[in-house]
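See structure below.
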Amino acid sequence: MKGSPVGVGGAIGFQQGAIGSGVAGVAFADGVAPGGNSIDVGAAVARARDRGDGLGLFGCPSGPGEPAPGRPRPPWWRQRGGKEVPRAPTMARALIAAWAATYIALVSSFSVGGGSGVGIGVNWGTMMSHPMHPATVAAMLHSNGIAKVKLFDADPWTVAALAGSAVEAMLAIPNDQLARVAASYDHARQWVKHNVSNHDHDGGVRIKYVAVGNEPLLKSYNGSFTTTIFPALKNIQRALDEAGVGRRIKATVPLNADVYNSPADDPVPSSGNFRSDIRPLMVDIVRFLNSSGAPFTVNIYPFLSLYQNPNFPVEFAFFDGGGKPVYDNGVEYTNVFDANFDTLVWSLQKAGVPDLKVIVGEVGWPTDGDKNANVKLAKKFFDGLLKKIARKEGTPLRPGDMEVYIFALIDENQKSVQPGNFERHWGIFTYDGKPKFPMDLTGEGRDKILVGAARVKYLPSQWCVLNEDASDRYKNVPASVNYACSNADCTPLGYRSSCNGLSKKGNISYAFNMYFQMMDQDVRACDFGGLAQITTENASQGGCLFPIQILSAGERTASGAGSFRILLAVVMVSVVVFV
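The sequence shown begins at -15 in the working numbering and counts up one residue at a time.
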């Protein structure tokens, strides 16, 4: 239980707590500038957070917002038939699971040595305002020896970039398409024809799996997909079989670890079983997967165990074995990943499929947006994980090889921060394809620098900062920061995040610059009623980077990215009127 003493209950079985979100307490106090001169805008940033994440069911906003008069349209607005319309909302990870002590999903299977080289899987999400060209990302995969990739849709622009490579791909059907696939076999057959068969040829894409939905049975979805997921799964596998590829391309369902649990009074893996509200459905699904030869795909996140429970033993989230072990009928557990995975193994055994293959669809550690989300801890986590996989340790109940996909390849600045500010910082690469820290994908423990993106082009070297000569207008700062942070990513300003140490003026400049870069350095985006000005002097301070945006491959954002999905809509939520 949450808040219970550390031990088996505290380490593996505590219940999920409330999840915070947004940019809270950005070094300011009130947000209402007394006397019109103070630059106290923390509450304004928090309000921007609240309105920016004012999400209803599955995170849907009440409606699209409008830019303030005279403001340039943000990149997620489209021109369609002469009328500007907002981009359709996309899926973001909801990060809400009862098994808060056991979340993780990660690197793919390894094969070590010369010609057999280590193959590792990554999740390639595309929820960013300025995506790199897919060919650039595909080249990164090749340069780093990454042999498997998991997508969140089947966008032909992305999928085609993998053609002719040795990378194995998992394509995906987003949750919002499940009803049609479930209701019509013909629709499933057409989906396979257009998204699988069209790419499955000599010189094409090496498709290995089709992910049917993404975490469709999350508790937070309130049963929205319980009637569609199983028929959709069966229809897609049948369509793959009919297309003649069903023996080598399998349909699976990426599921969050909240589909199984252990009782609060006996929170150990051997007591695990599928959630009572979906148990009959889960038994049907796993038995079908077993009969079709497809794997069970699970997403596990140890970081969330640490994030959601202040009493969680820190070392139990990692693989170094520094904490107090947990014992279950003589089996020793020294980390939450193993305990979570083996709870699933017990659940499968009780469902009558003890030997069903399990792959880890997502696992990772964020690098910003929380006190425990930083480069140092991310490196520690991945070092332990990769060594574990390279040694073929497996878990106590499933020793040996594991097929795992890291979440994620690249940071995604369009994801909802409702789960937490860290949600936009899961990438092992930055938004522009730079490696964040040394990482040895072979698991041999060497501090190797990953190969970054090549030939990335940037906008001009200029920044938008606070105009200190406009002190007579400082009363408008809270509304301006509100507007900027509602439409750009201010999460690094959060508590114990990478830019938390800025001065008040630095916070304001950071917000202004993020909006300016989001808007492709449109001069109108660096005005704010005279409060802002453009400078060619690098505004970065200490460890806080004031980024320059890249020249994007296009105004595209595919429809998905990672565990715990919610519908994302970054909306214009305030009209700024300057006095």
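Every residue, glycine too, gets a C-beta built ideally from N, C-alpha and C.
First and last residue of the uninterrupted alpha helix (DSSP H) at Lys371: Val359 to Ala374
DSSP state of Asp242 mapped onto helix, strand, coil: helix
Cut-off 6 Å between Cβ atoms - residues of its own chain near Gly307, not counting five sequence neighbours on either side: Pro297, Glu299 and Phe300
Beta-carbon proximity of Leu328 to Val282, cut-off 9 Å: yes
For Lys360 and Asp424, the rounded distance between their alpha carbons: 15 Å
Per-residue DSSP class, three states only, for Cys565: Residue 565 lies beyond the range of the chain shown here (-15 to 563); nothing can be said about it.
Burial state of Arg408 (16 or more Cβ within 10 Å): buried
The stretch 223 to 235 touching the stretch 203 to 212, judged by at least three CB pairs closer than 8 Å: no
Buried versus exposed, by CB contacts within 10 Å (16 or more), Ser127: exposed
Cutoff 6 Å; reference Lys341; Cβ partners in own chain excluding five residues on either side: Pro279
Whole-angstrom distance between Gln161 and Ala150, CA atom to CA atom: 29 Å
Span separating the alpha-carbon of Ile165 from that of Ala172: In the sequence as presented, Ile is not what sits at residue 165; that position holds Val. Spanning the two alpha carbons is a distance of roughly 5 Å.
Own chain partners of Ile191 with C-beta closer than 7 Å, once the 5 adjacent residues on each side are dropped: Ala153, Leu155, Val180, His183, Asp184 and Ile233
Simplified DSSP assignment, three categories, for Phe300: helix
Cutoff 7 Å; reference Gly230; Cβ partners in own chain excluding five residues on either side: Gln221 and Leu224
Three-way DSSP call (helix, strand, coil) for Glu387 in this model: strand
For Lys132, three-class secondary structure by DSSP: strand
Under the three-state DSSP convention, the category Met423 falls into: coil
Extent of the continuous beta strand (DSSP E) run through Asp186: Neither: Asp186 is in no beta strand (DSSP E) and is coded neither H nor E.
Nearest candidate by alpha-carbon position, reference Thr318, set Pro350, Asp352, Ser455 and Gly378: Gly378
Same chain only: Cβ atoms within 7 Å of Asn313, ignoring 5 sequence neighbours per side: Ser254
Gly277 burial status per 10 Å Cβ neighbour count (16 or more: buried): exposed
Backbone CA spacing between Pro422 and Asp431 [nearest angstrom]: 5 Å
Minimum C-alpha distance to Val194 - residue among Val507, Gln398 and Pro238: Pro238
Separation of Lys364 from Asn358, as counted between CA atoms: 10 Å
Range of the contiguous alpha helix (DSSP H) that encloses Gly490: Lys488 to Met502
Nearest neighbour of Met503, chosen from Trp447, Pro158, Gly368 and Arg480 [CA to CA]: Trp447
Cβ distance (whole Å) where Cys483 is taken to contact Tyr494 below 8 Å: 6 Å
Collapsed DSSP secondary structure at Ile157 in the structure displayed: strand
Close Cβ partners of Pro531 (< 7 Å) along its chain, the five nearest in sequence each way excluded: Gln501
6 Å Cβ shell around Ala119 - same chain, five flanking residues per side excluded: Ala145
Selected residue, minimal CA-CA separation from Phe321, among Thr210, Gly348, Val337 and Gln333: Gly348
Classification of Pro115 by the beta-carbon crowding that lies within 10 angstroms, buried from 16 upward: buried
Test item: CB-CB of Met124 and Gln398 under 9 Å: no
Val270 in three-state terms, based on DSSP: helix
Supposed contact pair Leu529 and Tyr604 - C-beta distance, whole angstroms, cut 8 Å: The first residue shown for the chain is -15 and the last is 563, placing residue 604 beyond what the model contains.
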